[in-house]
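Asker: Using our numbering, read the sequence shown as starting at 28 and increasing by one per residue. Backbone N, C-alpha and C define an ideal beta-carbon position, used for all residues, glycine too.
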Amino acid sequence: MISNAGLNIAPQVSASGKYVVYGSTQSGAYRIWIAAIDGSNPKQLTDRGRDDFPVITPDERWVVYAAFGPETRGLWKVSVDGGAPIRLTEGYYNKPVVSPDGKSIAALFLESANSPDARPDKIAILPIEGGVPLKTFSIQDSPTAGTYIRWSRDGRSIVYNQVKDNIANLWSQPIAGGTPSQISNFKEGYIYSFSFSTDGKQIAISRGNYTRDAILVTSGD
């Protein structure tokens, strides 16, 4: 569907199935691109810093994304037609997702980065207009496969993957507050990503295990 000389990642399809947005290095660095669902008419939407993890709002007017450049770090939005991006918030945010009613954004959040290897430790809920988080929920980020978050179809909870004892499962955090509940019961493996069906009744999950080998290279002398 999408074929070019770059690395293309994190594709997201719009609610109507008309568009696909994705991160791509085809112009030399990570930028946000949009194309028709068949891959035709690709268009670059951003051109500064490192931009990634785009998602289209339900009304298909805006693309919300995370920026990681030293001058651009935070959440932004840009029109699906292009134009100047608009900053929504500053700080260490990642993997934003827009609520089904289009009124809120959830994103992985790190209040302060004490080291370059620091990982998100919260889920933040922000208004679609941007600003400071309205709510935050503590999580344990998955250092192996990475944490992903999704809104439930009724907009009442955030579902995320979490690793405990080297096993990943899905958890649901009510937006109203309270204790998260485990909603899957896998006995092994990691979750790489997941997504709800349009009606919210099924979940597609990409999962498996990592295989790594340590190789010692020594001099022949």
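Please report the distance separating the alpha-carbon of S184 from that of W178.
Answerer: Whole-angstrom Cα-Cα distance: 6 Å.
Asker: Over the uninterrupted beta strand (DSSP E) stretch that includes A94, give me the two end residues.
Answerer: Per DSSP, A94 belongs to the beta strand (DSSP E) from W89 to A94.
Asker: Looking at the secondary structure, which residues open and close the beta strand (DSSP E) in which E117 lies?
Answerer: E117 -> beta strand (DSSP E) spans I113 to E117.
Asker: According to DSSP, is V244 helix, strand or coil?
Answerer: Residue state, collapsed to three classes: coil.
Asker: Give every residue of the same chain whose Cβ lies closer than 6 Å to the Cβ of K130, excluding the five residues on either side of it in the sequence, and list them in chain order.
Answerer: Answer for K130: I155, listed in chain order.
Asker: With 16 other CB atoms within 10 Å as the buried threshold, where does R88 fall?
Answerer: It counts as exposed.
Asker: Would G50 pass as a contact of A37 if the rule is Cβ separation under 7 Å?
Answerer: Result yes, Cβ atoms of G50 and A37 sit closer than 7 Å.
Asker: Can you name the start and end residues of the beta strand (DSSP E) that K149 belongs to?
Answerer: Element bounds for K149: K149 to P154.
Asker: With distances taken Cα to Cα, identify the nearest neighbour of I202 among G109, I29 and I150.
Answerer: That would be I150, whose Cα lies nearest to the Cα of I202.
Asker: In the structure shown, what three-state DSSP assignment does S211 receive?
Answerer: Reduced to three states, the DSSP call for S211 is coil.
Asker: Does the Cβ-Cβ distance between V186 and S165 come in under 7 Å?
Answerer: No. Outside cutoff.
Asker: With a threshold of 6 Å on Cβ separation, who are the neighbours of T84 within its own chain once the five nearest residues in sequence on each side are excluded?
Answerer: Excluding positions up to five away in sequence, the list reads V125 and G129.
Asker: Taking C-beta to C-beta, are P123 and A93 nearer than 7 Å?
Answerer: Taking 7 Å as the Cβ cut-off, P123 and A93 qualify as a contacting pair.
Asker: If you run the structure through DSSP and keep just helix, strand and coil, what is Q105?
Answerer: The sequence as given places Val at residue 105; Gln does not occur at that position. Here V105 sits in strand by DSSP.
Asker: What residue range does the beta strand (DSSP E) around L197 cover?
Answerer: Taken as a continuous stretch (DSSP letters only), the beta strand (DSSP E) holding L197 covers I194 to P201.
Asker: If the criterion is Cβ atoms closer than 7 Å, does the pair N196 and F213 meet it?
Answerer: A contact, by the Cβ cut-off of 7 Å.
Asker: Could you pull out every residue in the same chain whose Cβ sits closer than 8 Å to the Cβ of V159, ignoring the five residues on either side in sequence?
Answerer: T116 and L153, listed in sequence order.
Asker: Comparing C-alpha positions only, which one of S67, P207 and G182 sits nearest to Q167?
Answerer: Of the candidates S67, P207 and G182, the one whose C-alpha sits nearest the C-alpha of Q167 is P207.
Asker: Who pairs with R58 in a beta bridge, going by DSSP?
Answerer: The partner list for R58 (beta bridge, DSSP) reads S51.
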